[in-house]
Structures are given as structure tokens and as C-alpha cells.
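Participant: In the working numbering, the protein residues as written are 74 to 762. Glycine included, C-beta positions come from ideal geometry on N, C-alpha and C. Treat the numbers as computed from the prediction; the structure is a model and nothing was measured. Please read through the structure below; I'll follow up with questions.
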Ligand code: ADP
């Protein structure tokens with residue numbers, strides 16, 4: 074005997090109210106039977122079918138399958154039971170509307186390894202149920218009768234011994250109903266078909282047996298016709314447990330889900346991209362301005378192989394520097410470290426996009442510059458102001474005669490690399506571009522200084538001055554100088570000069586801009602790499618200290634900064650979490666539309682492992698576009714005139730992408746968890762809502 078129900082009872086408990094679904098049901102079913110179950114609404118027909126189909130559990134009695142008890146079955150056992158033995162045809166079809174007829178049928182063919190073969194079998198079955206023309210149509214486009222025929226084809230594809238049909242013609246007209254009944258009849262040979270119906274008389278001519286339910290019990294069990302003795306196929310038709318095949322099926326299903334609901338896919342991909350971009354902006358804007366690091370590099374830029382040298386507060390003389398440089402094998406040395414990295418702030422003028430702070434640097438191994446050459450490294454977004462920036466240095470008369478430009482996406486600011494000669498001889502002059510000056514208590518900005526030998530010591534002329542009546546007034550320069558100056562003349566005007574020019578005689582000019590004469594507090598040594606520099610530092614003479622320019626040192630008052638900024642850190646983390654939660658919630662809600670689909674997969678015997686992992690794959694596919702979109706947005710931000718954003722760094726990119734991937738996979742995990750342990754009956758009902 075295929076199935077034997079012995080005193081089976083199903084009791085529903087909804088919020089403490091117990092309802093009897095069926096009670097003391099004793100029935101036996103075997104192959105080749107076509108059984109009708111009839112009865113009034115609420116008499117327990119569907120409950121009976123759900124118990125037999127393992128869509129629901131039973132609480133009382135025993136269900137024997139092939140002579141063995143099933144009351145000890147675990148959830149997995151029931152899963153396998155359903156996978157191997159049950160095909161279902163429902164009144165409301167439970168066809169996956171977003172897939173084509175052929176795809177729906179292929180879902181029931183996972184036991185066949187070859188995908189081409191699946192397609193072939195699907196086609197055969199489609200022809201059999203007369204849907205040849207509709208084979209590649211989406212099921213949502215089919216009529217009710219066509220849908221039901223597709224479902225029957227799918228049930229046939231599954232090729233299981235038991236076919237359960239709950240009101241299969243409930244939503245169909247007479248013509249379609251007749252076709253469905255005939256198909257079921259045809260199918261029943263060699264299998265067990267149980268049909269629940271309100272309309273037993275209609276099915277009578279096809280059935281072999283009629284069971285009547287009343288108030289949860291069997292009230293009548295009547296043989297209509299002795300079942301024909303057809304050959305019974307008893308082979309196991311579960312899907313193969315081969316890992317590679319399982320992976321193939323998982324990917325196939327993931328792709329199918331992905332393309333089955335294009336609107337969902339596009340919306341989710343879009344939401345994810347927006348989230349990624351928001352995170353990118355938060356990190357860029359807030360990450361840099363709000364969170365000040367407690368440690369900073371000794372130099373702002375941290376040139377590779379650069380060592381800052383000092384001598385415990387004592388001055389370093391020229392001889393000492395030469396000696397140390399030689400003994401350590403330093404490639405280059407430069408006097409005052411202040412000169413090896415300084416800033417020139419160019420104010421916004423004319424049609425410039427904005428003001429710039431140019432970091433002036435010496436990095437001999439990077440650009441091996443000769444004499445008065447320089448290299449300007451700038452972000453693409455500042456391209457429009459290239460000439461204005463270059464002119465600032467070229468016109469100031471500070472010893473730079475040619476500037477080559479390098480525009481890059483990765484620059485986070487404007488850098489001017491200077492040759493050794495330019496720096497050693499003219500560093501102070503370059504540094505004084507757009508320096509401050511005080512006239513009679515008022516502060517103003519000087520574009521540059523130049524020599525006018527007609528002036529006496531301590532006398533200056535102002536060219537392009539905006540001041541009135543400043544002749545004979547006293548001036549204090551913030552460029553290195555311990556002298557006070559007196560304005561002799563302020564009438565000079567020079568077009569295209571780039572601002573206020575201060576003229577002084579050669580001796581005064583030299584005293585302001587003279588380089589350190591043979592000794593200084595600090596000096597810089599340059600090596601070909603940080604590694605070489607580190608090794609050299611080990612061999613410094615007693616009393617000297619050397620540090621890599623990239624060394625991290627504590628900022629003064631780091632404790633206070635820490636306290637002040639911990640709130641910002643928390644705020645940033647909170648923003649991140651809120652973003653993640655928001656997107657998770659949106660996703661979690663949206664992904665619910667797959668609940669019915671996933672339950673249908675179960676009724677088709679697709680293992681939970683395959684269906685749950687297919688969701689992981691689907692989510693990964695939804696995530697894919699952000700991989701490209703992120704850098705794209707970053708690129709746009711980096712080339713947009715006036716922007717200060719550098720092209721996204723690899724660390725930030727990985728951080729954001731991994732975060733997004735984690736979010737979507739978390740959603741997949743949550744969804745899989747939420748439907749785990751849910752009965753098929755609940756899954757279908759909830760999903761339909
Ligand atoms: P039929 O299919 O013959 O209309 P059902 O099997 O659906 O009958 O229902 C049998 C009995 O079980 C009815 O009293 C019904 O109210 C009850 N029942 C069915 N499903 C549930 C459920 N999920 N929760 C509570 N009671 C239910």
C-alpha cells in the first residue's frame with residue numbers, strides 16, 4: 074500500500090483557539106487510483122490533502138508511506154518525502170508568473186543533470202498539454218486554463234508517484250475543466266491522483282473512487298471503478314547530490330530569480346548604488362573634515378626616502394651635514410626642512426574656479442629635476458586653472474623658469490615639485506609668494522618681491538597698491554626679516570602682475586631671502602627608498618636624530634582632540650549603521666515577493682540549500698553594478714571642475730563594496746531564516762497576500 078492513514082488528526086491552534094481540521098481519518102491509497110475527495114466547505118478536504126502532501130504536519134494517528142511509519146520524520150525527512158513523492162496542482166495554480174512556461178517546467182527537472190535535456194523534456198511536456206505556442210511566454214500572460222495545464226505539465230515533469238490536486242478546475246470554465254480532468258486521468262496511470270473538488274459529479278466519469286468528508290471525518294468511501302493495473306515506476310527520482318551539479322542548479326536558479334523580476338532587480342541595484350554613493354560621500358566629506366587624526370605625519374606629504382635630521386637642539390654646520398650625508402650614502406641633502414615642504418596659497422582671482430593651496434615639495438628620486446624646472450601635479454578637476462597656477466610661480470620672478478604639468482585622478486590637491494637648485498637658491502622667495510605684510514597696523518597680501526636698486530636701505534616701493542597715502546608709513550613683513558621698512562612710493566601700476574609687488578634694494582632683498590648660511594637647526598637627507606632611509610638612520614652619529622618624513626607623530630593635545638572627536642566617530646558609525654539598517658529594511662521588505670516562489674520551489678522538490686543559496690547568488694548579481702558604478706561616480710567627482718575629491722582609493726573602494734555585499738547577503742540570510750521552518754501551506758498563503 075502506497076499510503077495508509079490511521080486515525081489521522083490535524084488540530085489547528087490559532088492564538089489559543091483550537092480548531093479540528095480532520096480527526097480519526099482512516100484511509101488507504103494505492104497506485105493507479107484516481108480518488109475524488111468531496112465535501113462541504115470546512116469539512117477538512119484541504120487539510121487532508123495538506124497532510125498527505127506534507128505541506129502541513131499531523132498531530133494524531135499515523136501516516137504510513139510504503140508500509141513505514143512517518144510520525145518520527147524530521148523536517149528534513151518531510152522535505153525529502155515531498156521532493157521524491159509529491160506533485161501538487163492548486164486551484165490558484167502556484168505557477169511562477171514571472172517565468173516562462175518552459176522555465177516553470179524546468180524547475181521541476183533538477184534531477185536531470187543536463188540543462189539541454191531539461192529543455193527538451195520541458196518541450197515534450199508542453200506539447201503534451203497543448204501549450205506549444207505559449208512555451209516561451211511569461212505565465213502571467215496565460216489564461217487560467219493555460220496556467221493549470223502548465224502546472225500539470227510541471228507536475229508531470231517532476232514525475233512523482235503521488236499527484237495532489239486541490240480544486241484544480243475551481244477557476245476554470247467548462248471546456249478548460251474538461252481538458253484538465255482528461256489530462257489528470259491520463260496521468261493517473263501508474264500513479265496515485267487525489268483530487269479535492271466541490272464538483273465531484275463533474276469528475277465522476279474519470280475517477281476510480283469517491284471519498285466524502287464531513288466535519289473533519291470520512292463519511293463515505295465509495296469505489297466507482299476498479300483501477301487498471303498499470304506498471305508502476307518505483308525508481309528514486311530525487312535530484313543528484315553531486316556538488317558540482319548542485320552548484321550549477323544554484324547558479325541557474327539564482328539567474329532565473331534575477332531575471333524573473335526585472336523591476337525588483339533594477340530597484341534594488343539602484344538602491345544599493347545610492348547607498349554606496351552616500352557612504353562614499355559621507356566618508357569623503359565627514360571622514361576628512363570632522364575626524365582629525367590624533368597622529369600626523371612629520372611632513373604633510375611624507376616623501377618616500379626622506380629623513381629629517383636634527384642635532385639635539387644644536388645647529389648643524391655645513392661640514393657636519395656633508396660628513397653625515399656622505400657617511401650614510403644619502404643621495405641628496407637639503408638645508409632647512411622648512412624648505413623641503415611648504416605651502417603657497419593662491420587666492421581666487423579672475424575667472425579661476427577657486428583658491429588653491431599649493432604644496433611645494435622636493436622629491437629628488439621622483440622627478441630628478443634640474444635647475445629652475447618644476448613639475449605641477451594637479452587633479453583633473455582643476456584643469457581649467459592650470460595656467461593661472463603656473464603663472465603665479467612663473468611671473469613672480471622667484472627663479473622658476475619652466476613648469477611641466479601632470480594631471481591625475483588620484484591627486485587630492487595641487488603639488489609643485491621643485492628641483493634642488495630652485496629650492497636651495499630660491500626656496501625662501503617661492504615661499505614668500507602671497508605672503509603677508511602689515512602697513513600701519515593693516516594687514517595685506519604681497520604677491521612677490523623684487524629688486525629696485527634706486528632704493529636705500531629700509532626703503533620700499535609698492536607696485537599695484539590698493540592703499541591710499543601710505544608713503545612714509547612703516548611696514549612689517551612676515552617674510553623672514555628683522556627690519557622695519559618705510560614706504561617711499563606707491564604709485565606704480567603693472568597690468569597682469571598678479572597682485573601687490575614690493576620693491577627693495579639688492580642688499581635688503583638678500584637679507585630677506587638669504588639662505589641659511591652654513592648652518593641650521595634641521596636638514597633633510599634623501600634616500601632612494603624608505604627602506605634605505607631606515608637602515609641609514611641606524612648609523613647616525615651620537616647626538617643626531619633622524620626620522621622618516623612619513624613617520625607618524627602625536628599631535629599636541631591629542632587627548633582633547635580625541636574627546637572632541639569621539640562624538641564625531643560615533644556619529645559617523647551611527648550614520649553608517651542607519652544607512653545599513655535602512656537599506657536592509659527596504660530590501661528585507663521587497664525580497665518578500667519571492668516568498669511564494671520559494672515555497673513553490675519547495676513543492677517542486679528543489680532543496681532548501683539550493684533555493685537559499687540561489688538567493689545569495691541573486692543578491693550578488695544585484696550587487697554587481699555598484700562595483701562599476703562606484704568608481705564611475707568617483708571618476709565624475711574627480712574630474713568635475715572645482716571638486717576637490719581624488720579618485721576613490723583602493724582601501725575605501727574595498728571597504729564600501731564589502732559593506733554593500735555584506736548588506737545584501739545579510740538580507741538573503743534574513744529572508745532564508747524567516748522562511749525556514751515555515752510550512753508550505755503558510756508560505757503559499759502568506760506569499761499570496
Ligand atoms: P475544506 O478544504 O473542506 O474547505 P479545510 O480543510 O480548509 O476544509 O478546513 C477544515 C477545518 O479546519 C475548518 O474548520 C477550518 O476552519 C479549519 N482550518 C483550516 N485551516 C486552518 C488554519 N490555518 N487555522 C485554523 N483553522 C483552520
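Given residue 151, which residues of its chain have a CB within under 7 Å of its CB, disregarding the five upstream and five downstream residues?
Facilitator: The residue labelled residue 151 in the question sits at position 78 within the chain shown. Taken in chain order, the residues that qualify are 127.
Participant: Does the beta-carbon distance from residue 244 to residue 164 come in below 8 Å?
Facilitator: As a first step, residue 244 is located in the chain shown; it is residue number 171 there, counting from the start. As a first step, residue 164 is located in the chain shown; it is residue number 91 there, counting from the start. In contact: residue 244 and residue 164 (Cβ atoms closer than 8 Å).
Participant: With a threshold of 7 Å on Cβ separation, who are the neighbours of residue 687 within its own chain once the five nearest residues in sequence on each side are excluded?
Facilitator: Position 614 of the chain shown, counting from 1, holds the residue named residue 687. Here the set comprises 323, 326, 327 and 330.
Participant: With DSSP as the reference, label residue 542 as helix, strand or coil.
Facilitator: To locate residue 542, count along the chain shown from 1; it is residue 469. Residue state, collapsed to three classes: coil.
Participant: Return the CA-CA distance between residue 282 and residue 117, expressed in angstroms with no decimal places.
Facilitator: On the chain shown, residue 282 is found 209 positions in, with the first residue counted as 1. On the chain shown, residue 117 is found 44 positions in, with the first residue counted as 1. Rounded to whole angstroms, residue 282 to residue 117 spans 18 Å at the Cα level.
Participant: Determine the DSSP secondary structure at residue 761, reduced to helix, strand or coil.
Facilitator: Locating residue 761 in the chain shown gives position 688, counting from the first residue. Reliability fails at residue 761, whose pLDDT of 43 lies under 50, so the model's placement of it is uncertain and no value is given.
Participant: Which residues in the same chain as residue 743 place their Cβ atom closer than 6 Å to its Cβ, once the five residues preceding and following it in sequence are excluded?
Facilitator: Residue numbering aside, residue 743 sits at position 670 when the chain shown is read from its first letter. Sequence-distant Cβ neighbours of residue 743 in its own chain, meaning closer than 6 Å and more than five residues away, are 661.
Participant: Buried or exposed: where does residue 576 fall if 16 or more other Cβ atoms within 10 Å of its Cβ makes it buried?
Facilitator: Taking the first residue of the chain shown as 1, we reach residue 576 at position 503. Classification for residue 576: buried.
Participant: Starting from residue 556, follow the alpha helix (DSSP H) in both directions and report where the run begins and ends.
Facilitator: The residue given as residue 556 occupies position 483 in the chain shown. Counting along the chain, residue 556 falls outside any alpha helix (DSSP H), and DSSP gives it neither H nor E.
Participant: Note down, in chain order, each residue of its chain lying with its Cβ closer than 6 Å to the Cβ of residue 294, except the 5 sequence neighbours on either side.
Facilitator: Taking the first residue of the chain shown as position 1, residue 294 is located at position 221. Excluding sequence neighbours, residue 294 sits near 284.
Participant: Helix or strand or just coil, what does DSSP make of residue 349?
Facilitator: Residue mapping note: residue 349 aligns to position 276 of the chain shown, counting from 1. Three-state DSSP puts residue 349 in a helix.
Participant: Could you check if residue 213 belongs to the surroundings of the ligand ADP, using beta carbon to heavy atom distance under 7 Å?
Facilitator: Against the chain shown, residue 213 aligns to sequence position 140. It does not: the Cβ of residue 213 is nowhere closer than 7 Å to a heavy atom of the ligand ADP.
Participant: Could you tell me whether the segment 298-307 touches the segment 663-682, where touching means 3 or more Cβ pairs closer than 8 Å?
Facilitator: no
Participant: Is residue 161 helix, strand or coil when you go by DSSP?
Facilitator: On the chain shown, residue 161 is found 88 positions in, with the first residue counted as 1. DSSP places residue 161 in strand when its eight states are reduced to three.
Participant: So which of 457, 539, 532 and 344 has the shortest CA-CA distance to residue 550?
Facilitator: Counting from one through the chain shown, the residue named residue 550 turns up at place 477. Selected option, being the one with the closest Cα: 532.
Participant: In this structure, how does DSSP classify residue 614 when only helix, strand and coil are distinguished?
Facilitator: Sequence index remark: in the chain shown, residue 614 carries index 541 (1-based). Coil, per DSSP.
Participant: Let's test the definition: count the other Cβ atoms within 10 Å of the Cβ of residue 266 and tell me whether it reaches 16, buried, or not, exposed.
Facilitator: For the purposes of this step, residue 266 is taken as the residue at position 193 of the chain shown. Answer is buried; the Cβ neighbour count reaches 16.
Participant: Hey, quick one: how far does the beta strand (DSSP E) through residue 234 stretch, first residue to last?
Facilitator: One-based indexing of the chain shown puts residue 234 at position 161. Neither: residue 234 is in no beta strand (DSSP E) and is coded neither H nor E.
Participant: Among all residues, which have a Cβ less than 6 Å from at least one non-hydrogen atom of the ligand ADP, and in what chain order do they fall?
Facilitator: Working through the chain, the matches are 85, 87, 92, 94, 112, 114, 115, 116, 117, 118, 119 and 120.
Participant: Pull up the distance between the alpha-carbon of residue 654 and that of residue 756, whole angstroms please.
Facilitator: The count along the chain shown starts at 1 and reaches residue 654 at position 581. The count along the chain shown starts at 1 and reaches residue 756 at position 683. C-alpha separation (whole angstroms): 25 Å.
Participant: Between residue 541 and residue 559, what straight-line distance do the alpha-carbon atoms span, to the nearest angstrom?
Facilitator: For this step, residue 541 is matched to residue 468 along the chain shown. For this step, residue 559 is matched to residue 486 along the chain shown. One C-alpha to the other measures close to 15 Å.
Participant: CB of residue 486 to nearest heavy atom of the ligand MN: below 7 Å?
Facilitator: Although the ligand MN was asked about, the structure shown includes only the ligand ADP as ligands.
Participant: Pair every Cβ in the segment 235-243 with every Cβ in the segment 188-203, then say whether three or more of these pairs are closer than 8 Å.
Facilitator: no
Participant: Would you mind reading off the limits of the beta strand (DSSP E) that contains residue 294?
Facilitator: The sequence position of residue 294 within the chain shown is 221, counting from 1. That run of the beta strand (DSSP E) goes 290-296.
Participant: Nearest-angstrom Cα distance between residue 463 and residue 334?
Facilitator: On the chain shown, residue 463 is found 390 positions in, with the first residue counted as 1. On the chain shown, residue 334 is found 261 positions in, with the first residue counted as 1. Those two C-alpha atoms are separated by around 55 Å.
Participant: Thinking just about the alpha-carbon of each residue, which of 475, 484, 470 and 546 is nearest to the one in residue 520?
Facilitator: Counting from one through the chain shown, the residue named residue 520 turns up at place 447. Checking every option, the nearest Cα to that of residue 520 belongs to 470.
Participant: In its own chain, which residues sit with a C-beta less than 6 Å from the C-beta of residue 586, not counting the 5 before and 5 after it?
Facilitator: By 1-based counting over the chain shown, the position of residue 586 is 513. Hits under 6 Å: 501 and 502.
Participant: How would you call residue 234, buried or exposed, if buried means at least 16 neighbouring beta carbons within 10 angstroms?
Facilitator: Along the chain shown, read from residue 1 onward, the residue named residue 234 stands at position 161. In summary, residue 234 is buried, with 16 or more beta-carbon neighbours lying within 10 Å of its beta-carbon over all protein chains present.
Participant: Beta carbon of residue 733, beta carbon of residue 349: below 8 Å?
Facilitator: Indexing the chain shown from 1 puts residue 733 at position 660. Indexing the chain shown from 1 puts residue 349 at position 276. Inclusion of residue 733 and residue 349 in the CB contact set at 8 Å is warranted, their separation being smaller than that value.
Participant: Can you tell me whether DSSP reads residue 435 as helix, strand or coil?
Facilitator: Locating residue 435 in the chain shown gives position 362, where the first residue counts as 1. If DSSP states are grouped into helix, strand and coil, residue 435 belongs with coil.
Participant: Ignoring anything shorter than 3 residues or poking outside the segment 384-413, list the beta strand (DSSP E) runs there in chain order.
Facilitator: You should have 405-407.
Participant: Taking 8 Å as the threshold, find out whether the segment 127-138 comes into contact with the segment 77-84 through three or more Cβ pairs.
Facilitator: yes
Participant: Identify whether residue 468 lies in helix, strand or coil by the three-state DSSP scheme.
Facilitator: Reading the chain shown from its first residue, position 395 is the one you call residue 468. Residue 468: coil per DSSP, three-state reduction.
Participant: For the segment 434-442 against the segment 394-411, do three or more pairs of beta-carbon atoms, one drawn from each stretch, fall closer than 8 Å, so that the two count as touching?
Facilitator: yes
Participant: Quick check for students: name the residue ranges of the beta strand (DSSP E) that lie wholly in the segment 240-272, counting only runs of 3 or more.
Facilitator: 265-269
Participant: Rounded to whole angstroms, what's the CA-CA distance from residue 172 to residue 339? Just pull it up for me.
Facilitator: Walking along the chain shown from the start, residue 172 turns up at place 99. Walking along the chain shown from the start, residue 339 turns up at place 266. Each residue's alpha carbon lies about 17 Å from the other.
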